[in-house]
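Line order of the protein sequences matches chains A and B.
877 is the number of the first residue of the first sequence in the working numbering; add one for each residue after it.
-6 is the number of the first residue of the second sequence in the working numbering; add one for each residue after it.
Cβ atoms here follow ideal geometry from the backbone N, Cα and C, with glycine treated the same way.
These notes concern the structure reproduced below.
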Amino acid sequence: MECAEAREHLADLNRGQLGADLTEAVRGHAAQCPACQAGLEADAEIRTLVRAQVPRYTVPPALRASIQAVIETAAARPSPAWRRWLRLHPWPAGALAGAVCLLLLVWGGYRWMAKDPVSVLAAQAVAEHAEYIKEVRTRPAADPVAVVKGLRSQVDFPFEPIFQGDPQVQLVAGMVGELSGRRAATFIYKDRAGRYTTLFLMPGAGIVVPEGDRMLIETFRPHYRTASGRSLILWKHRDLAWLLVSDLDKSEVPAMYLKVRKAA
Amino acid sequence: MDHAQNSVPAEALKHLDALYNLARWLTHDPAEAEDLVQETYLRALRGAHLFQPGTNLRAWLFQILRNTFFTLYKRKRREPEALDPEVLDGLVPIGGATGVGGRLADMRDATAGLDLTAALNRLPEEYRSVVLLADLEDFSMREIAWIMDCPVGTVKSRLFRARAILKGLLRDYRQ
């Protein structure tokens, strides 16, 4: 046993509030350690001294009378009816409170979604991005040409040339995903610092790119936001919606966007 | 039957002496101690419905008293002479002094109470309160942790350090 641990138990030991095993361990340590033995003795002696010598202040009679009067008044006053009911019916009260909270949550959720229709898509994309990263980390990088070719045959919408990597960023995997019920071609890129970016490509019908939070990148103005610490860029090109989810921050992600955007 | 709420007023008066005692140690002023105790009882009675029957009413009242003190009074203003524990750690060799038992035994005379009171008053509040709650009020480490809203390990370590500091201060008073 170390000194720090022994010292934590000295007060309990002197009060007889320590189990047999710990008592033996602390006493064993103190027997070998003069500092802890002195601490053990000081604990008992100062406790005795405090109890014997420290004066106790006496409550002034006026204060006692005043507190007594306050207490008697409080004891005589019945508690409000609603509080009595809550105390007697804790389960219905809890259920009622739970139902109200649930309704507020649902109502708030609808209002939030109505105000921000991309939020659900963004949240799902970030979650998928995190899952893909876990998966591709353990795999060897695939051939970029084969990745693009394979995905073209697996999704039911045509897409234009896709950025297949450069000396800074590598296209390491591709897979078919699903976002908000849409089948999406998904491309996972990794930069030299080991940071990942996922491109989701899906039919654009029904996806509205919000007018707010546009980022000016050269001549383009895609929608930009962050979610769960990831950067997201959403835009539409031809009939497709393009969504980038990236570990890169706001200052770095525009360069990645341009690579993808200009390849198309 | 609203037993839970009514049990608080009925039981609370039993703890008045102990609460007033700690209030005096916290405020160092009889009038402010009275105000603090009155406010503590008012808050306890207002919040009586929050008290869980069967739990520790005494510890609950002490917790209210201490929280009320920190809400109503400027802590720093009340601690002008308290020693900095970091400084004290450097000055007091924890457990390193010899002959402690004999020296402490010698202290048990008519002036010891005065010396001890002065030494206690020089402790920082969080150390002094731990000593008073543990030694005068016999609260367990767990109860003190709850009253002071800190981990049990912190209470134990504060108590150990407070003992060492007191030991050093008492030695100084005797010299």
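Tell me, please, which residues DSSP counts as bridged to residue 1066 of chain A.
-> A:1046, A:1072
So does the stretch 891 to 910 of chain A actually touch the stretch 1118 to 1132 of chain A, counting three or more Cβ pairs closer than 8 Å?
-> no
Length of the line joining the Cα atoms of residue 1043 of chain A and residue 1076 of chain A | 22 Å
Hey, which unbroken runs of the beta strand (DSSP E) at 3 residues or more fall wholly within the stretch 1016 to 1047 of chain A?
-> none
Alpha carbon to alpha carbon, how far is residue 32 of chain B from residue 9 of chain B?
-> 12 Å
Does the distance from the CB of residue 1099 of chain A to the CB of residue 1106 of chain A come in under 8 Å?
-> no
Where does residue 27 of chain B land, buried or exposed, given buried means 16+ other C-beta within 10 angstroms?
-> buried
Quick one: does residue 128 of chain B have its CB under 8 Å from some CB of chain A?
-> yes
Alpha carbon to alpha carbon, how far is residue 60 of chain B from residue 1102 of chain A? Give it in angstroms, no decimals.
-> 41 Å
With 16 as the cutoff for other CB atoms within 10 Å, does residue 887 of chain A come out buried or exposed?
-> buried
Would you call the stretch 1107 to 1114 of chain A and the stretch 1038 to 1057 of chain A in contact, with 3 or more CB pairs under 8 Å?
-> no
Between which two residues does the beta strand (DSSP E) containing residue 932 of chain A stretch?
-> Neither: residue 932 of chain A is in no beta strand (DSSP E) and is coded neither H nor E.
Minimum C-alpha distance to residue 15 of chain B - residue among B:121, B:7, B:38 = B:121
Residue 150 of chain B versus chain A: which residues are under 8 Å apart at the beta carbon?
-> 883, 884
Report the neighbours of residue 34 of chain B on chain A: residues whose CB is nearer than 8 Å to its CB, in chain order.
-> 943, 946, 947
Assign residue 13 of chain B to one of three DSSP states: helix, strand, or coil.
-> helix
State the CB to CB distance for the pair residue 1033 of chain A and residue 1047 of chain A, rounded to an integer number of angstroms; the pair is presumed to be in contact (CB under 8 Å).
-> Between residue 1047 of chain A and residue 1033 of chain A the Cβ distance is about 19 Å, and since that is not below 8 Å, they are no contact.
Chain B within 8 Å of residue 929 of chain A, Cβ atoms only | yes
Consider the Cβ of residue 926 of chain A: report whether some Cβ of chain B lies at a distance smaller than 8 Å.
-> yes
Who pairs with residue 62 of chain B in a beta bridge, going by DSSP?
-> Paired residues: none, contrary to the question.
Any contact of the stretch 125 to 142 of chain B with the stretch 921 to 936 of chain A, i.e. 3+ C-beta pairs under 8 Å?
-> yes
Between which two residues does the alpha helix (DSSP H) containing residue 1102 of chain A stretch?
-> Per DSSP, residue 1102 of chain A belongs to no alpha helix (DSSP H); it is in the beta strand (DSSP E), 1099 to 1103.
Backbone secondary structure at residue 978 of chain A - three-state DSSP = helix
Which residue or residues does DSSP assign as beta-bridge partners of residue 1051 of chain A?
-> A:1062
Contact set between residue 919 of chain A and chain B, taken where Cβ atoms lie within less than 9 Å | 152, 153, 156
In terms of residues, what are the limits of the alpha helix (DSSP H) holding residue 886 of chain A?
-> 879 to 890
Which residue comes first and which comes last in the alpha helix (DSSP H) that contains residue 1109 of chain A?
-> Taken as a continuous stretch (DSSP letters only), residue 1109 of chain A belongs to no alpha helix (DSSP H), being part of the beta strand (DSSP E) at 1106 to 1113.
Hey, is residue 892 of chain A's beta-carbon within less than 8 Å of any beta-carbon in chain B?
-> no
Consider the Cβ of residue 117 of chain B: report whether some Cβ of chain A lies at a distance smaller than 8 Å.
-> no
In terms of residue numbering, what span does the alpha helix (DSSP H) encompassing residue 126 of chain B cover?
-> Segment: none, residue 126 of chain B is in no alpha helix (DSSP H) and carries neither H nor E.
Could you check if residue 39 of chain B is buried or exposed, using at least 16 other CB atoms within 10 Å of its CB as the buried criterion?
-> exposed
Through-space distance from residue 21 of chain B to residue 162 of chain B, alpha-carbon basis | 20 Å
For residue 1123 of chain A, collect the residues of the same chain with a Cβ closer than 6 Å to its Cβ; drop the 5 residues on either side in sequence, then sort them by chain order.
-> 1071, 1072
Which partner residues of residue 1122 of chain A appear in the DSSP bridge assignment?
-> A:1073, A:1107
Beta carbon proximity, residue 82 of chain B to chain A, threshold 8 Å | Caution is warranted here: a pLDDT of 48 is assigned to residue 82 of chain B, below 50, making its placement in the model unreliable, and the coordinate value is therefore given only provisionally. No, residue 82 of chain B lies away from the interface with chain A (no Cβ there is under 8 Å from its Cβ).
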